[in-house]
Amino acid sequence: MLTFKLSFKNLMGNGKRTWLNVSVLSIAFVAIVFFNGLLDGWNKQAKTDTIAWETGYGRLSHPLYDPYDPYTFSDAHGIPGFQKEILVGGQAVPVLVTQASAYPNGRLINIVLKGIDPAQSLLELPSRWLDSLPEEIRGTTIPAIIGQRMARSAGLKTGDRMVIRWRDVNGIFDAREVTVTGIFKTNVPTVDVKQFWIPLETLREITGMYGEITYFALGEELAGSSPWTGNEAWYGGWFYTPLDTLMKDIETLMEAKKGGTMIISFLLLCIALLAIFDTQVLSIFRRQKEIGTYMALGMTRVKVITVFTIEGAIHALLAILLGTLWGVPVLAWIHYAGIPLPEMSDQAGLAIGEKIIPVYSMTMILATVLLVVITSFIVSYIPARKIAKMQPTRALKGKLL
Amino acid sequence: MRTNMKTIIITLTLLSITGIHSLTAQEDTVAETILEQVDRNLSAQTRIFESSMTIHGRRTSRTVTSKSWSRGESAALTEYRSPASEAGTKMLKLEDQLWIYTPLADRTIQISGHMLRQSVMGSDLSYEDMMDDRKLTEVYSAEVIAQDTLRDTRVLVLQLTARLTDVAYPTQKMWIDAEKFVPLRQEMYARSGQLLKRIDLFDVKRIQDRWFPTRMIYKDMLKTGGGTEFSISSMVFDAQIPEYIFSKASLR
Numbered sequence: 001m002l003t004f005k006l007s008f009k010n011l012m013g014n015g016k017r018t019w020l021n022v023s024v025l026s027i028a029f030v031a032i033v034f035f036n037g038l039l040d041g042w043n044k045q046a047k048t049d050t051i052a053w054e055t056g057y058g059r060l061s062h063p064l065y066d067p068y069d070p071y072t073f074s075d076a077h078g079i080p081g082f083q084k085e086i087l088v089g090g091q092a093v094p095v096l097v098t099q100a101s102a103y104p105n106g107r108l109i110n111i112v113l114k115g116i117d118p119a120q121s122l123l124e125l126p127s128r129w130l131d132s133l134p135e136e137i138r139g140t141t142i143p144a145i146i147g148q149r150m151a152r153s154a155g156l157k158t159g160d161r162m163v164i165r166w167r168d169v170n171g172i173f174d175a176r177e178v179t180v181t182g183i184f185k186t187n188v189p190t191v192d193v194k195q196f197w198i199p200l201e202t203l204r205e206i207t208g209m210y211g212e213i214t215y216f217a218l219g220e221e222l223a224g225s226s227p228w229t230g231n232e233a234w235y236g237g238w239f240y241t242p243l244d245t246l247m248k249d250i251e252t253l254m255e256a257k258k259g260g261t262m263i264i265s266f267l268l269l270c271i272a273l274l275a276i277f278d279t280q281v282l283s284i285f286r287r288q289k290e291i292g293t294y295m296a297l298g299m300t301r302v303k304v305i306t307v308f309t310i311e312g313a314i315h316a317l318l319a320i321l322l323g324t325l326w327g328v329p330v331l332a333w334i335h336y337a338g339i340p341l342p343e344m345s346d347q348a349g350l351a352i353g354e355k356i357i358p359v360y361s362m363t364m365i366l367a368t369v370l371l372v373v374i375t376s377f378i379v380s381y382i383p384a385r386k387i388a389k390m391q392p393t394r395a396l397k398g399k400l401l
Numbered sequence: 001m002r003t004n005m006k007t008i009i010i011t012l013t014l015l016s017i018t019g020i021h022s023l024t025a026q027e028d029t030v031a032e033t034i035l036e037q038v039d040r041n042l043s044a045q046t047r048i049f050e051s052s053m054t055i056h057g058r059r060t061s062r063t064v065t066s067k068s069w070s071r072g073e074s075a076a077l078t079e080y081r082s083p084a085s086e087a088g089t090k091m092l093k094l095e096d097q098l099w100i101y102t103p104l105a106d107r108t109i110q111i112s113g114h115m116l117r118q119s120v121m122g123s124d125l126s127y128e129d130m131m132d133d134r135k136l137t138e139v140y141s142a143e144v145i146a147q148d149t150l151r152d153t154r155v156l157v158l159q160l161t162a163r164l165t166d167v168a169y170p171t172q173k174m175w176i177d178a179e180k181f182v183p184l185r186q187e188m189y190a191r192s193g194q195l196l197k198r199i200d201l202f203d204v205k206r207i208q209d210r211w212f213p214t215r216m217i218y219k220d221m222l223k224t225g226g227g228t229e230f231s232i233s234s235m236v237f238d239a240q241i242p243e244y245i246f247s248k249a250s251l252r
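If you're matching them up, the sequences are chains U and E in order.
Note that my numbering numbers the first sequence so that position 292 is 292, with each residue one more than the last.
Note that my numbering numbers the second sequence so that position 178 is 178, with each residue one more than the last.
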């Protein structure tokens, strides 16, 4: 306790220099918490939205279906034997996928045509809008819903009509007029970009794929139950993809981003720790007589080293206190307001909202506190080791270094 | 051939007297005969031709020139000669497979499956359109539905209905020069009856023992733009083509 008190008094005696170091370290501390929170926030938001809009908690797909290869779509459809059994309870949404071409305003756009049950409520996709076609044009046109990104790139708005062309199950061309019955706004570009959603039964009828399905998006209860155990598995000839695998893209991106964040955090911390290191070196050089006096008065070398190390480490504790003082309101405000993102941020194909809301978990904050304290302790100790080699008499004369 | 011509002439006379509403089974046979004549003009054992393809976009146009060798329906090689960015690119079709060699990348890639439905160099033609060389008589049954005049030429309008299931266009309409038995216009329809593509054929020339249109305009009817113009500058039918031309070795 005496050592701690002594260290604290010495530190306070340094005045502005101490507070300068503490301020720099507090900025590094808050910045590390902010960057990690930002990434955790994005991660959470991307996963939540992707589950809600696209994947559900698991996917059961035709064995030939590869969502990354549109050329597989034409062959990836079939009637699974377990269809009736799986559709009970509203825990599975069947989706049929095929390639098509849309001609908005005389332009050719290659699209993916997806059929979904208008009555489904498992996914947030507003499929009920597919039933909102005015009575007078019902039967003469196909209702379709599209996302904002698709609408923007094709110059479409609700009520617009255009011809779409596709090939049926035998490869024969067919073309009909579709009417946009709704434009939805989503953070998940993979249900939006270059996609048209139409009623499942209509798609089955126009392609001749009666009763066929490309994949089922599964609800939480069904995905978590047997026969699958959470690993990739085959079920009745169809392929089950668990949530972890569906989220792999997001995880991979987050890992990559984490690398960048770690470099920024490391640089910030280095700047702050360098200041503490410098202060320690200068302190030991200027306070040789003081060190000699401590030794002459009977303090062991280890104790003197401890005093100086604790002096350095207290920087970290003060920085955390100061960081908490100004950081909590700032981070809370950012959490409330979010970080707005430019419009084109979602072009990479991963879910990202108009703004990211950072999430500060207790684990992440504690880990950052530990990191700052331990690294401060280490950089304080390294210069203080020199004290171990000091002769008290020479130290008293101030001629040691 | 003379008997066929005679039958067609008699039927045309009958048609003009009785009108198109009284078409009979015999007239359908005539339609088939007309289609055979068209196949005779358009199909050959081998073909060597030089051509240019002008793709008219919404704002600009660009022209690609090429030389092609083909043998029946099974084999074809096309070498692009200009513009500089496409020069040296070669496309080899063997049965239902297609390879493309790009000199810039020095790579040969195989185009298969649904990639065949993509546009060729941004034109209104897909690889599949280019590859489907089957004789019309093999794929469609025909019916004469009208007589008309197109670009000052007397034409017979044929309605073609697919008799196979693996065809892109279930119905087609064809305006056939009543004297030369060469299509002057071809329209391709979707199953729903929507007009998808139109080909206008011009400059019918006598090449060896047949009539052949040497300029064609392909138009995707759902798209704006001027379509794709295809002009043949030289054409040789039934020439001997060395076997190595239709091998993958000829791509490099």
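No residue lacks a Cβ here, since even glycine has one placed at the ideal position from N, Cα and C.
Residue span of the alpha helix (DSSP H) that contains residue i, given as start and end
i	result
U:TRP333	301-337
U:PRO383	362-384
E:SER68	Element bounds for E:SER68: not the alpha helix (DSSP H) but the beta strand (DSSP E), 61-71.
U:GLN148	148-154
U:THR261	248-286
E:PRO213	Not the alpha helix (DSSP H): E:PRO213 falls in the beta strand (DSSP E), residues 210-220.
E:ARG134	E:ARG134 -> no alpha helix (DSSP H), and no H or E assigned at all.
U:GLN83	83-87
U:PRO63	Note, U:PRO63: premise wrong, no alpha helix (DSSP H); not H, not E.
E:LEU125	Note, E:LEU125: premise wrong, no alpha helix (DSSP H); not H, not E.
Contact belief for residue i with residue j at Cβ below 8 Å, rounded distance in angstroms
i	j	result
U:SER121	U:THR181	That pair is no contact at about 18 Å.
U:ALA395	U:ILE291	5 Å
E:SER43	E:LYS180	With 8 Å as the limit, E:SER43 and E:LYS180 do not qualify as a contact, their Cβ atoms being about 15 Å apart.
U:VAL112	U:HIS315	With 8 Å as the limit, U:VAL112 and U:HIS315 do not qualify as a contact, their Cβ atoms being about 57 Å apart.
E:LEU77	E:SER68	7 Å
E:MET216	E:LEU201	5 Å
E:VAL155	E:LEU184	6 Å
Proximity winner among the options, relative to residue i (alpha-carbon distances)
i	options	result
E:THR89	E:THR102, E:ASP96 and E:LEU77	E:THR102
U:LEU123	U:LEU113, U:ASP49, U:ALA76 and U:ILE137	U:ASP49
E:GLN110	E:LEU98, E:THR149 and E:ILE207	E:LEU98
U:LEU200	U:ILE116, U:PHE277 and U:ALA92	U:ILE116
U:ARG385	U:LEU370, U:VAL359, U:GLY312 and U:MET364	U:GLY312
U:ILE310	U:GLY139, U:SER380 and U:TRP19	U:SER380
E:TYR140	E:ASP124, E:THR161, E:LEU156 and E:ASP152	E:THR161
U:ALA144	U:LYS194, U:ALA272 and U:THR72	U:LYS194
E:VAL30	E:ASP124, E:PRO83, E:TYR80 and E:THR137	E:THR137
E:GLY72	E:TYR80, E:PHE246, E:PHE230 and E:THR54	E:PHE246
U:VAL47	U:ASP244, U:MET390 and U:ILE378	Going by the sequence as given, residue 47 of chain U is Lys instead of Val. Nearest C-alpha to U:LYS47: U:ASP244.
U:LYS397	U:THR293, U:ALA102 and U:LEU273	U:THR293
E:ALA75	E:ASP96, E:SER82 and E:LYS67	E:ASP96
U:ILE276	U:ILE109, U:GLN148, U:ASP69 and U:LEU317	U:LEU317
U:ILE378	U:GLY81, U:LEU269 and U:ARG161	U:LEU269
U:ILE146	U:LEU108, U:ILE339, U:ARG167 and U:THR190	U:THR190
E:LYS248	E:THR108, E:LEU104 and E:MET188	E:THR108
U:ILE365	U:TRP333, U:PHE34, U:THR306 and U:ALA388	U:PHE34
Host beta strand (DSSP E) of residue i (start-end)
i	result
E:ALA142	140-150
E:SER233	227-237
U:LEU96	92-103
U:ILE405	For chain U, the structure presents residues 1 to 401; residue 405 of chain U sits outside this window and is missing.
E:SER52	46-56
U:ILE49	The amino acid at residue 49 of chain U is misidentified as Ile; the sequence shows Asp. Per DSSP, U:ASP49 belongs to no beta strand (DSSP E); it is in the alpha helix (DSSP H), 16-50.
E:THR153	153-162
E:LEU94	90-94
U:ILE172	Note, U:ILE172: premise wrong, no beta strand (DSSP E); not H, not E.
Stretch-stretch touch, CB-based, cutoff 8 Å, three pairs: the segment 50-63 of chain E with the segment 159-172 of chain E: no
At least 3 beta-carbon pairs within less than 8 Å: the segment 51-64 of chain U vs the segment 209-228 of chain U: Output reads yes: the segment 209-228 of chain U touches the segment 51-64 of chain U.
Residues in the segment 160-186 of chain U having any Cβ partner in chain E nearer than 8 Å: VAL163, ARG165, ARG167, ASP168, ASN170, GLY171, ILE172, PHE173, ASP174, ALA175 and ARG176
Proximal residues, the segment 218-240 of chain E versus chain U, C-beta separation under 9 Å: ASP220, LEU222, LYS223, THR224 and GLY225
contact_flag[the segment 237-256 of chain U, the segment 133-151 of chain U] where n(CB pairs < 8 Å) is 3 or more: no
Members of the segment 173-207 of chain E near chain U, C-beta cut-off 7 Å: Answer in chain order: ALA190, ARG191, SER192, GLN194 and LEU196.
Meets three-Cβ-pair contact criterion under 8 Å: the segment 85-99 of chain U and the segment 259-273 of chain U: no
Given 8 Å, three or more beta-carbon pairs between the segment 208-215 of chain E and the segment 224-238 of chain E: Contact between the segment 208-215 of chain E and the segment 224-238 of chain E is present: three or more C-beta pairs spanning the two stretches fall below 8 Å.
Cβ pair count under 8 Å reaching 3, the segment 94-103 of chain U against the segment 20-33 of chain U: no
The segment 157-171 of chain E: positions lying closer than 9 Å to chain U by Cβ: ALA162, THR165, ASP166, VAL167, ALA168, TYR169 and PRO170
Contact the segment 351-368 of chain U vs the segment 33-52 of chain U: 3+ CB pairs below 8 Å: yes
Any 3 or more C-beta pairs closer than 8 Å across the segment 169-177 of chain U and the segment 147-154 of chain U: no
Stretch-stretch touch, CB-based, cutoff 8 Å, three pairs: the segment 70-83 of chain U with the segment 206-214 of chain U: Judged by Cβ distances under 8 Å, the segment 70-83 of chain U makes contact with the segment 206-214 of chain U, as three or more pairs qualify.
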